[in-house]
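Just so you know, the protein sequences line up as chains B and F, in that order.
Numbering-wise (this note's numbering), the first sequence opens with residue 131 and increments by one.
Numbering-wise (this note's numbering), the second sequence opens with residue 131 and increments by one.
Please read the structure below before turning to the comments.
Number of protein chains: 2
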Amino acid sequence: MTPMFEDAEKDPVLDSAVFELEEEPLRTELVLRQYELLKRADRSILVVVAGIDGAGKGSAVNLLNEWLDPRHVRTLAFGPADEQEAARPAMWRYWYNLPAKGHIGIVFGSWYAPLIAQAARKKPDAEAVDAMAAAITRFESMLAADGVQIVKLWFHLSKEAQQARCDELLSNPDTAWRVSDIDLKVARKFSRLREAGRATITATHTDAAPWVVIPSADARWRIAATAREILKALRHSDVPTLSPAAGPTRGRVKNQFAGLDYSACLDKDEYEKRMLRGMARLGRAVRSRDFGNRSLVLVFEGDDAAGKGGSIRRITRALDARQYGIMSVAAPTDEERARPYLWRFWRQIPALGRIGIFDRSWYGRVLVERVEGLAAPGDWQRAYSEIEDFEAQLVAHGAVVVKFWLSITQQEQLKRFHKREKTPFKAFKITEEDWRNRKKAPQYRQAASEMLLHTNTSAAPWHVVATNDKRLERVTVMETVAQALERALGHDAEED
Amino acid sequence: MTPMFEDAEKDPVLDSAVFELEEEPLRTELVLRQYELLKRADRSILVVVAGIDGAGKGSAVNLLNEWLDPRHVRTLAFGPADEQEAARPAMWRYWYNLPAKGHIGIVFGSWYAPLIAQAARKKPDAEAVDAMAAAITRFESMLAADGVQIVKLWFHLSKEAQQARCDELLSNPDTAWRVSDIDLKVARKFSRLREAGRATITATHTDAAPWVVIPSADARWRIAATAREILKALRHSDVPTLSPAAGPTRGRVKNQFAGLDYSACLDKDEYEKRMLRGMARLGRAVRSRDFGNRSLVLVFEGDDAAGKGGSIRRITRALDARQYGIMSVAAPTDEERARPYLWRFWRQIPALGRIGIFDRSWYGRVLVERVEGLAAPGDWQRAYSEIEDFEAQLVAHGAVVVKFWLSITQQEQLKRFHKREKTPFKAFKITEEDWRNRKKAPQYRQAASEMLLHTNTSAAPWHVVATNDKRLERVTVMETVAQALERALGHDAEED
């Protein structure tokens with residue numbers, strides 16, 4: 131049942147004798163449970179603090195820092211987006227600041243701020259409210275599925291109690307500074323904010339991340355209720371489980387590579403002419419004024435030795451080194467391992483006006499991690515929709531997302547493996563692992579087919595390229611990127 | 131000897147047959163050496179790319195990414211500072227982006243950009259040039275001492291060769307986009323930029339980080355020379371060693387705590403009155419418009435159980451949770467361990483308008499790491515001057531740095547240890563380690579005395595506070611912070 135405000139507006143008071151009895155056991159168990167949490171590599175707690183202004187949210191956070199061991203608590207307070215944040219999708223800063231597993235994060239001015247602000251307008255845009263609530267629900271479900279337990283606290287009190295609290299602070303010059311202009315305004319708009327709170331809670335109260343209303347007029351009640359909720363979350367030691375992902379087809383998916391023409395090729399003159407023109411198109415597009423409000427995300431996946439590195443190098447020759455970054459996906463660091471799967475990619479997404487090139491990517495989840503059994507089936511299955519959501523957020527914020535699957539035939543791969551082994555400065559590219567992976571080619575091909583089927587969205591389409599001929603591959607990649615960018619910028623695309 | 135431009139301006143050409151002979155062994159050894167580097171936890175290489183525009187710096191970087199395994203090369207390109215960068219000291223972004231040990235970083239638009247720009251003015255400010263060069267030299271020496279080998283390449287060619295290169299690009303519409311307005315301007319100002327380069331190289335050519343001039347008119351010469359320099363650095367497998375730090379007195383330093391009055395105390399009424407007033411002063415100061423151009427860095431060090439946590443909590447009650455962050459110094463993560471010592475603190479310093487509270491700090495280097503033998507003597511000894519430099523950069527950029535050493539008597543510490551052990555929700559604060567440290571009190575006191583002596587600068591002074599009486603401690607800390615901030619903001623400090 132969705133929690134309501136009525137009980138909180140009765141402004142209940144906790145007797146000081148009762149509080150004193152409760153304090154020591156509460157504090158003791160809080161600290162002990164916090165230490166248990168700290169040992170866990172699979173769980174963190176995120177406390178979302180929201181509510182009516184003047185309800186004592188700040189004191190509640192101070193209290194948690196006092197009662198818990200503050201070395202393992204991270205308070206995250208978000209104000210208006212700064213330049214760096216504004217240049218990335220709205221959720222970026224929340225991802226970026228997620229606490230590590232084992233830790234407790236307390237979030238102020240969270241992803242709820244825009245939703246509450248919209249809901250509190252004189253005439254809220256119902257569609258915007260629904261869209262924001264849906265985005266939040268998806269985000270929180272993903273975190274929950276990845277071991278982040280979310281505790282959402284709405285601090286509440288009656289209009290009269292709020293006014294009394296405000297008056298008391300104002301009456302003393304040494305406390306009056308605590309009451310900001312915003313607080314005074316809030317008092318006048320109590321009922322509208324109350325309705326916004328109700329709408330927010332109703333739209334975002336889920337099993338994965340439920341809301342709790344904390345009666346806040348009485349400091350002791352507020353403190354005890356807050357501590358009890360955190361304790362409840364700490365006690366709940368299971369990793370939250372979600373219903374299995376709805377998404378992927380479980381049966382055998384049609385081979386997505388069957389129709390590719392691996393024999394097509396390009397002669398040298400044609401290659402050089404088209405390459406130079408493609409580079410010029412890309413070079414002009416990324417240097418255009420319009421690109422300042424867009425970004426470019428290039429994803430390179432494909433068979434081993436299919437030519438990812440070579441294609442990426444050609445692309446970068448058209449770019450200014452100050453404008454792009456290449457992310458080669460390697461083993462995650464311990465800071466990355468301690469956070470949800472997509473964190474390390476959020477961490478790396480380019481700002482507006484910039485280009486991010488991913489040499490392998492978040493698709494590893496449904497490729498190597500799936501095939502090698504590094505991710506549990508439930509985890510890689512839900513990745514399809516998580517990735518779709520992730521890319522949709524990039525695109526909604528102005529990113530042009532171009533994804534390449536580079537494909538070669540088994541024979542061509544074998545030829546390239548042998549050639550690499552014989553070239554001293556390329557031998558490093560071939561390891562035992564490549565030979566092992568080659569033996570699993572059918573499984574990889576099956577995983578790739580399924581991935582293409584599930585994540586080929588109109589917002590972020592896949593381009594499957596046959597790369598037996600390197601010249602044709604590189605020209606195709608260059609022209610595809612140039613064209614995608616020109617279209618997005620509304621420039622007249624040149625003929626290909 | 132400082133490298134000069136004369137040879138490079140002869141625009142030497144490398145015969146293609148010679149190049150072909152050299153290419154394979156160069157590439158092979160580069161890759162093999164890169165793999166050796168990768169295994170090392172104590173070394174990284176930073177390649178600084180500078181030089182005359184149009185000399186092919188971009189192609190040289192592309193080449194390195196092609197010849198090395200690009201997964202372990204990180205290209206760092208800096209343009210004008212963004213909002214986040216501008217809100218922190220100038221060196222912050224270079225620190226923040228340092229590659230991990232084992233890796234190679236290539237830096238474009240580096241810390242040399244402002245120096246070169248200044249030196250290239252019609253009338254360069256000689257003092258500014260000297261100051262910038264000195265700051266760069268200190269920075270690079272610190273990196274070198276911490277295992278970062280710096281290779282500085284100046285790409286150079288004659289004025290005629292530059293013009294010819296430009297003309298060739300402009301003659302084809304598919305390459306003309308490569309020539310920016312800046313390049314055209316640069317061509318007209320060749321001799322001034324040449325002089326700026328000479329001044330820069332002369333002022334910053336050190337043993338720890340020498341410059342090399344790469345003749346760049348001929349692509350093959352440029353490529354081979356660049357690869358040879360990187361290879362030379364990779365071959366040089368020793369960790370760079372510096373002459374021992376000049377700084378600290380090696381003899382016994384006078385006990386800095388001898389004159390403290392541990393018996394002073396404050397009654398409850400006086401405490402509450404002064405505390406409320408102090409909080410109000412601090413609350414107003416950090417909310418003032420002027421504070422938007424300043425930041426506040428609070429450092430808390432001191433004896434175990436001396437009251438750091440309690441003092442920090444009182445301070446935060448005067449602050450808006452959106453404005454401050456508390457950094458509790460814990461064991462470094464693997465990303466932190468892979469970088470120079472100060473990196474994890476640079477990572478955390480507050481932007482303008484914000485407050486960073488450090489519960490223990492960079493002083494751990496000369497306290498716990500010294501006493502417990504976790505840092506080699508040479509490392510903690512040079513930390514004194516490194517820290518002074520670090521804090522000076524914070525202050526120069528507008529930070530108010532207030533450092534507290536909280537001191538209690540041995541008897542009072544024992545009392546607090548026992549009390550903590552008996553209070554269930556405080557028992558977590560006392561560990562075996564605290565008892566072990568207590569036995570080493572004389573060594574810790576000696577290290578602290580020496581630290582106070584060496585790092586008590588006028589820019590960032592220490593405040594040594596006797597904290598046997600908690601009330602007096604908290605009021606003193608609050609008032610000291612409020613006063614330091616009021617003074618820095620030019621507000622009339624209220625009487626204490």
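Even glycine gets a Cβ: it sits at the ideal position worked out from N, Cα and C.
Practice task
Would you list the one or two residues that DSSP bridges to Leu536/B?
Solution key: The residue you call residue 536/B lines up with position 406 of the first sequence. Per DSSP, Gly432/B, Val595/B.
Problem - Gln386/F to Leu194/F span [Cα, whole Å] - result: Locating residue 386/F in the second sequence gives position 256, where the first residue counts as 1. Locating residue 194/F in the second sequence gives position 64, where the first residue counts as 1. Distance between the alpha carbons of Gln386/F and Leu194/F is about 53 angstroms.
Handout entry: DSSP state of Tyr471/F mapped onto helix, strand, coil
Key = In the second sequence, the residue the question calls residue 471/F occupies position 341. In the structure shown, Tyr471/F sits in coil (DSSP, three-state: anything other than H, G, I, E or B).
Handout entry: Local conformation of Pro254/F per DSSP, three classes
Key = Position 124 of the second sequence, counting from 1, holds the residue named residue 254/F. Coil, per DSSP.
Exercise for the section: Could you name the residues that DSSP lists as bridge partners for Trp284/F? Expected result: Residue 284/F sits at position 154 when you count from the first residue of the second sequence. Looking at the DSSP assignment, Trp284/F forms a beta bridge with Ala180/F, Val343/F.
Practice task
Find out if the Cβ-Cβ distance for the pair Pro244/F, His527/F is shorter than 8 angstroms.
Solution key: Sequence index remark: in the second sequence, residue 244/F carries index 114 (1-based). Sequence index remark: in the second sequence, residue 527/F carries index 397 (1-based). Taking 8 angstroms as the Cβ cut-off, Pro244/F and His527/F do not qualify as a contacting pair.
Exercise for the section: Look at Ser346/B and Ala180/B and say whether their C-beta atoms are less than 8 angstroms apart. Expected result: Within the first sequence, residue 346/B is the residue found at index 216, counting from 1. Within the first sequence, residue 180/B is the residue found at index 50, counting from 1. The answer is no: Cβ separation not under 8 angstroms.
Handout entry: Limits of the beta strand (DSSP E) - the one that Ala207/B falls within
Key = As a first step, residue 207/B must be located in the first sequence, where it is residue number 77. 203-207 is the extent of the beta strand (DSSP E) around Ala207/B.
Practice task
Give the single residue among Phe520/F, Asp391/F, Tyr454/F whose Cα lies nearest to the Cα of Arg474/F.
Solution key: Locating residue 474/F in the second sequence gives position 344, where the first residue counts as 1. Ranking the options by Cα distance to Arg474/F, first place goes to Phe520/F.
Exercise for the section: Identify every residue that forms a DSSP beta bridge with Gly494/F. Expected result: In the second sequence, counting from the first residue as 1, residue 494/F sits at position 364. Its beta-bridge partners do not exist; DSSP assigns none.
Handout entry: DSSP state of Met405/F mapped onto helix, strand, coil
Key = By one-based count along the second sequence, residue 405/F stands at place 275. It is helical.
Practice task
Look at the alpha carbon of Leu482/B and the alpha carbon of Glu499/F, and state the distance between them as a whole number of angstroms.
Solution key: Mapped onto the first sequence, residue 482/B falls at position 352. Mapped onto the second sequence, residue 499/F falls at position 369. Taking the straight line from one Cα to the other gives about 42 angstroms.
Problem - Proximal residues, the stretch 166-192 of chain B versus chain D, C-beta separation under 7 angstroms - result: Judged by its chain identifiers, the structure shown contains no chain D, and its protein chains are B and F.
Problem - Val161/F at chain B interface by Cβ criterion, 8 angstroms - result: Working through the second sequence from its first residue, we reach residue 161/F at position 31. Answer yes: the Cβ-Cβ gap between Val161/F and chain B drops below 8 angstroms somewhere.
Practice task
Please go through the same chain and pick out, in chain order, the residues whose beta-carbon is closer than 8 angstroms to the beta-carbon of Trp197/F, but skip the five residues on each side of it.
Solution key: Stepping through the second sequence from its first residue, residue 197/F is reached at position 67. Cβ within range, chain order: Leu156, Arg157, Leu160, Val161, Ala357.
Handout entry: Contacting residues, own chain, Cβ-Cβ under 8 angstroms from Lys570/B (five flanking each side not counted)
Key = Reading the first sequence from its first residue, position 440 is the one you call residue 570/B. Excluding residues within five positions, the ones whose Cβ falls inside 8 angstroms are Val501.
Practice task
Using a Cβ-Cβ cut-off of 8 angstroms, state whether Phe208/F counts as contacting chain B.
Solution key: Taking the first residue of the second sequence as 1, we reach residue 208/F at position 78. Yes, contact with chain B.
Handout entry: Other residues of its chain near Ala138/F: CB distance less than 6 angstroms, five sequence neighbours each side excluded
Key = Here residue 138/F corresponds to residue number 8 of the second sequence, with the count starting at 1. The answer, listed in chain order, is His286, Val343, Pro345.
Practice task
Mind checking which residues open and close the beta strand (DSSP E) that includes Asp489/F?
Solution key: Sequence index remark: in the second sequence, residue 489/F carries index 359 (1-based). Residues 485-489.
Handout entry: Touching by the beta-carbon criterion (3+ pairs, under 8 angstroms), the stretch 570-582 of chain B and the stretch 407-420 of chain B
Key = no
Practice task
Answer yes or no: does any C-beta atom of chain F fall closer than 8 angstroms to that of Ile445/B?
Solution key: Translated into positions along the first sequence, residue 445/B becomes position 315. No, because no Cβ of chain F sits closer than 8 angstroms to the Cβ of Ile445/B.
Problem - Sub-8 angstroms separation of Ile266/F and Pro133/F beta-carbons - result: Sequence index remark: in the second sequence, residue 266/F carries index 136 (1-based). Sequence index remark: in the second sequence, residue 133/F carries index 3 (1-based). In this structure, Pro133/F does not lie closer than 8 angstroms to Ile266/F by Cβ.
Handout entry: Neighbour flag for Leu372/B against chain F, beta carbons, 8 angstroms
Key = Here residue 372/B is taken as the residue at index 242 of the first sequence, counted from 1. Reliability fails at Leu372/B, whose pLDDT of 49 lies under 50, so the model's placement of it is uncertain and the value that follows must be treated cautiously. Cβ-Cβ to chain F under 8 angstroms: no for Leu372/B.
Problem - Under 9 angstroms (Cβ pairs) to chain B, residues found in the stretch 553-570 of chain F - result: Thr553, Pro554, Phe555, Lys556, Ala557, Phe558, Lys559
Problem - CB contact check: Ile72/F to chain B, cutoff 8 angstroms - result: With chain F represented from 131 up to 626, any question about residue 72/F goes unanswered, as that position is not in the structure.
Practice task
Keeping to the same chain, check which residues put their C-beta closer than 6 angstroms to that of Thr379/B; ignore five residues upstream and five downstream.
Solution key: For the purposes of this step, residue 379/B is identified with residue 249 of the first sequence, where counting begins at 1. Residue confidence for Thr379/B is low, a pLDDT of 47 falling below 50, so the modelled location carries little weight; the figure read from the coordinates is stated next. Contacts found: none.
Problem - CA-to-CA distance, Ile445/F to Pro239/B, given in whole angstroms - result: Within the first sequence, numbered from 1, the residue matching residue 239/B stands at position 109. Within the second sequence, numbered from 1, the residue matching residue 445/F stands at position 315. The question names Pro, but residue 239/B in the sequence shown is Gly. Approximately 21 angstroms between the Cα atoms of the pair.
Problem - Three-state secondary structure assigned by DSSP to Glu455/B - result: Locating residue 455/B in the first sequence gives position 325, counting from the first residue. Inspection of the sequence shows that residue 455/B is occupied by Gly rather than by Glu. Strand, per DSSP.
Handout entry: Cross-strand partners of Ile266/B (DSSP beta bridge)
Key = As a first step, residue 266/B is located in the first sequence; it is residue number 136 there, counting from the start. Answer by DSSP bridge pairing: none, since Ile266/B is not bridged.
Exercise for the section: Use the C-beta contact count for Pro374/F: other C-beta atoms within 10 angstroms, 16 or more gives buried, fewer gives exposed. Expected result: If you number the second sequence from 1, residue 374/F lands on position 244. Because the pLDDT of Pro374/F is 46, which lies under 50, any placement of that residue in the model is unreliable, and the question is left without a value.
Exercise for the section: Determine, using beta carbons only, whether Asn227/F comes closer than 8 angstroms to chain B. Expected result: As a working mapping, residue 227/F is identified with position 97 in the second sequence. Chain B, which has no Cβ nearer than 8 angstroms to the Cβ of Asn227/F, makes this no.
Exercise for the section: Please report how far the alpha carbon of Pro142/B lies from the alpha carbon of Ile280/B, in whole angstroms. Expected result: For the purposes of this step, residue 142/B is identified with residue 12 of the first sequence, where counting begins at 1. For the purposes of this step, residue 280/B is identified with residue 150 of the first sequence, where counting begins at 1. Distance between the alpha carbons of Pro142/B and Ile280/B is about 26 angstroms.
Problem - Sequence-distant residues of its chain with Cβ nearer than 6 angstroms to Arg350/F (five each side left out) - result: Here residue 350/F refers to the residue found at position 220 of the second sequence. Correct list, in chain order: Leu144, Phe149.
Handout entry: Cβ-based neighbour list, Gly620/F, same chain, cut-off 6 angstroms, excluding 5 preceding and 5 following
Key = Within the second sequence, numbered from 1, the residue matching residue 620/F stands at position 490. Cβ within range, chain order: n/a, list empty.
Practice task
Using a Cβ cut-off of 8 angstroms, pull out every chain B residue sitting near Asn385/F, in sequence order please.
Solution key: What you label residue 385/F is simply residue 255 of the second sequence in a count that begins at 1. Simply none; closest approach about 30 angstroms.
Exercise for the section: Classify Ser373/F as helix, strand or coil using the three-state DSSP reduction. Expected result: As a first step, residue 373/F is located in the second sequence; it is residue number 243 there, counting from the start. Summary for Ser373/F: the model assigns pLDDT 44, below 50, so the residue's position carries little reliability; its value from the coordinates is reported in the next sentence. Looking at Ser373/F - three-state DSSP - the assignment turns out to be coil, as it is neither helix nor strand.
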